[in-house]
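Participant: Under this note's numbering, the first residue of the sequence shown is numbered 410, with each subsequent residue one higher. Where a beta carbon is used, it is the ideal one built from N, C-alpha and C, also for glycine. From a predicted model like this one, the values you see are computed outputs, not experimental measurements. First, the structure itself, so that you have it in front of you.
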Amino acid sequence: MKRRPSEERSPSPSQNTEVQFVDACPDDLQCQICLSVARDAVVTDECGHLFCQACIGTALELKPQCPMDRNPLTWAQVRKDVRTQRRIAALQCYCFHKSHGCTWTGEFGDLETHTEKCEHSPVECTFAPHGCDAVVTKRTLADHMTTNIVSHLSLMCRSMSTLMDDNVAQQQELELCRREDRFIWVIPRFENRQGPLYSRKFCAKGLQWYIGVDFESPDEHAGVYLFAEGHNKRVDFKLILYNADPKKDKIHEVSDWALDYKGKGWGPLKFIDRASSFQSGFLVNGCIRIGAEIDGEPFE
Numbered sequence: 410m411k412r413r414p415s416e417e418r419s420p421s422p423s424q425n426t427e428v429q430f431v432d433a434c435p436d437d438l439q440c441q442i443c444l445s446v447a448r449d450a451v452v453t454d455e456c457g458h459l460f461c462q463a464c465i466g467t468a469l470e471l472k473p474q475c476p477m478d479r480n481p482l483t484w485a486q487v488r489k490d491v492r493t494q495r496r497i498a499a500l501q502c503y504c505f506h507k508s509h510g511c512t513w514t515g516e517f518g519d520l521e522t523h524t525e526k527c528e529h530s531p532v533e534c535t536f537a538p539h540g541c542d543a544v545v546t547k548r549t550l551a552d553h554m555t556t557n558i559v560s561h562l563s564l565m566c567r568s569m570s571t572l573m574d575d576n577v578a579q580q581q582e583l584e585l586c587r588r589e590d591r592f593i594w595v596i597p598r599f600e601n602r603q604g605p606l607y608s609r610k611f612c613a614k615g616l617q618w619y620i621g622v623d624f625e626s627p628d629e630h631a632g633v634y635l636f637a638e639g640h641n642k643r644v645d646f647k648l649i650l651y652n653a654d655p656k657k658d659k660i661h662e663v664s665d666w667a668l669d670y671k672g673k674g675w676g677p678l679k680f681i682d683r684a685s686s687f688q689s690g691f692l693v694n695g696c697i698r699i700g701a702e703i704d705g706e707p708f709e
């Protein structure tokens, strides 16, 4: 069976970008599906209709017939139209970045090569992964880097700090997971936290749950609650506040989930003593580690 042409040749990087030609593209060089210049032009053997390789490929995946006359059509009846491809390659066009100041005009066949080196191409700042949202051109990137050294260093420091926090949290989470088979939530920079905070969701007893911490509890305490996600079941559970010394872990067993709190969070109001968490060994490298263990079967 003949292979689909798209398996033989990868599309151009500019495949989905509209080309602006110096003169209007002749009708006989247009794809019969997208009505733009036929990219990687192919033609049907029987009816002679011209298409972009990608356009006819998509059409044949939906239905094995010619989109124009509805006659049966397979890939074996579609071939590359070399003569038309040469005519299209010779068409005069503008650079994709004409609106950004590029004055280049040339043959369509040379457009991709020009685009790869065009100084007016928009590019992301090198520090985009660290939070810089500036969009500059290849031509102005060097100037942007020179004039924003301080702000880029600040972004880098912030990014590194976040990575270090995440690494500490993950290392501790791994250590605790090895200790016992429970859901573990490691909260970095705990002393600076405010407002409600929620863990990622986890699965236990075939249902989804998550943990919430309320920093507004009285007497400089933080409440810890178990929430049901997507259901109204209650359950008996155990909360563990991990200490640097495993023998001093704080454990709170919950078996009184009130019926009128079904579908809401339930747990101890003063589970974490924020005032003494560091001295008592519960704050480790700035992190608080909370575990949750579902003891019994969920109930209404």
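Taking the alpha-carbon positions, what's the R588 to G700 distance?
Facilitator: Any reading at R588 needs caution, since the residue's pLDDT is 47, under 50, leaving its predicted position unreliable; the model's value is listed next. Straight-line Cα distance between these residues: approximately 11 Å.
Participant: Can you check DSSP and say which residues form a bridge with E533?
Facilitator: According to DSSP, E533 bridges with V544.
Participant: Please give me, in chain order, every unbroken run of the beta strand (DSSP E) with length at least 3 that falls completely inside the region 634 to 677.
Facilitator: You should have 646 to 650 and 659 to 663.
Participant: What separation, rounded to the nearest whole angstrom, lies between the Cα atoms of P476 and H523?
Facilitator: So the two alpha carbons sit approximately 34 Å from each other.
Participant: So which of R479, K656 and R548 has the shortest CA-CA distance to H509?
Facilitator: Nearest option by C-alpha distance: R548.
Participant: Express the C-alpha separation of L459 and E470 in angstroms, rounding to a whole number.
Facilitator: Computed Cα separation, rounded: 17 Å.
Participant: Grab me the residues of W666's own chain with a C-beta within less than 6 Å of its C-beta, minus the 5 sequence neighbours each way, in chain order.
Facilitator: Around W666: R643 and W675.
Participant: Quick check on the burial criterion: 16 or more other C-beta atoms within 10 angstroms. Buried or exposed for F592?
Facilitator: Answer is buried; the Cβ neighbour count reaches 16.
Participant: If you run the structure through DSSP and keep just helix, strand and coil, what is V431?
Facilitator: Of the three classes helix, strand and coil, the one that applies to V431 here is coil, per DSSP.
Participant: By DSSP's criteria, E516 is part of a beta bridge. Which residues make up the other side?
Facilitator: The partner list for E516 (beta bridge, DSSP) reads Q501.
Participant: Indicate whether the contact test is met: 3 or more Cβ pairs, each with one atom in the region 608 to 616 and one in the region 626 to 635, closer than 8 Å.
Facilitator: The region 608 to 616, when compared against the region 626 to 635, does not touch it at the 8 Å Cβ threshold.
Participant: Work out the CA separation of L648 and E724 for me, nearest whole Å.
Facilitator: Residue 724 lies beyond the stretch modelled for the chain, which goes from 410 to 709, so this question has no answer here.
Participant: Return the first residue and the last residue of the alpha helix (DSSP H) that D552 is part of.
Facilitator: Element bounds for D552: L550 to T556.
Participant: Taking V663 and F691 to be in contact with their CB atoms under 8 Å, please state how far apart those CB atoms are, rounded to whole angstroms.
Facilitator: Their Cβ separation, rounded to whole angstroms, is 19 Å, which puts V663 and F691 out of contact at 8 Å.
Participant: Could you tell me the boundaries of the alpha helix (DSSP H) in which E470 lies?
Facilitator: From DSSP, the alpha helix (DSSP H) with E470 extends over Q462 to L471.
Participant: Excluding sequence positions up to five away, which residues of its chain have a Cβ less than 7 Å from the Cβ of C541?
Facilitator: These residues qualify, in order along the chain: C534, H561 and L564.
Participant: Note down, in chain order, each residue of its chain lying with its Cβ closer than 6 Å to the Cβ of D574, except the 5 sequence neighbours on either side.
Facilitator: P597.
Participant: Using DSSP's beta-bridge definition, name the partner residues of K489.
Facilitator: In DSSP, K489 forms a bridge with V451.
Participant: To the nearest whole angstrom, what separates the beta carbons of A447 and T483, a pair I think is in contact under 8 Å?
Facilitator: Going by Cβ atoms, the distance from A447 to T483 rounds to 20 Å, so no, they are not a contact pair.
Participant: Exposed or buried, what is F713 when buried is set at 16 or more other beta-carbons lying within 10 Å of its beta-carbon?
Facilitator: Because residue 713 is not part of the residues shown, which for the chain are 410 to 709, the question remains open.
Participant: In angstroms, rounded to a whole number, what distance separates the CA positions of L500 and C434?
Facilitator: Spanning the two alpha carbons is a distance of roughly 8 Å.
Participant: Could you check whether D478 and C461 sit closer than 8 Å to each other, using their CB atoms as the reference points?
Facilitator: Their beta carbons are not under 8 Å apart, which means C461 does not touch D478 by this criterion.
Participant: Take Q424 and list the residues in its own chain whose beta-carbon comes closer than 8 Å to its own, dropping the five residues that flank it on each side.
Facilitator: At Q424, the pLDDT of 47 sits below 50, so the modelled position is not reliable; the number obtained from the coordinates is stated separately. Excluding residues within five positions, the ones whose Cβ falls inside 8 Å are R448 and A463.
Participant: Closest to D432 by CA distance: which of C443, I497, A537 and G457 is it?
Facilitator: If we check each option's Cα against that of D432, I497 comes out closest.
Participant: Mind checking whether T546 and V532 have CB atoms under 8 Å apart?
Facilitator: Cβ atoms of T546 and V532: closer than 8 Å.
Participant: Contact check, P707 vs L616 under 8 Å by CB: the rounded distance?
Facilitator: Indeed they touch by this definition, with Cβ atoms about 6 Å apart.
Participant: Can you tell which of T453, D623 and V451 has its C-alpha closest to the C-alpha of K679?
Facilitator: Minimum Cα distance to K679 is reached at D623.
Participant: Buried or exposed, going by whether 16 or more other CB atoms sit within 10 Å of the CB of D590?
Facilitator: With a pLDDT of only 48 at D590, under 50, the local geometry of the prediction cannot be trusted, and no value is derived from it.
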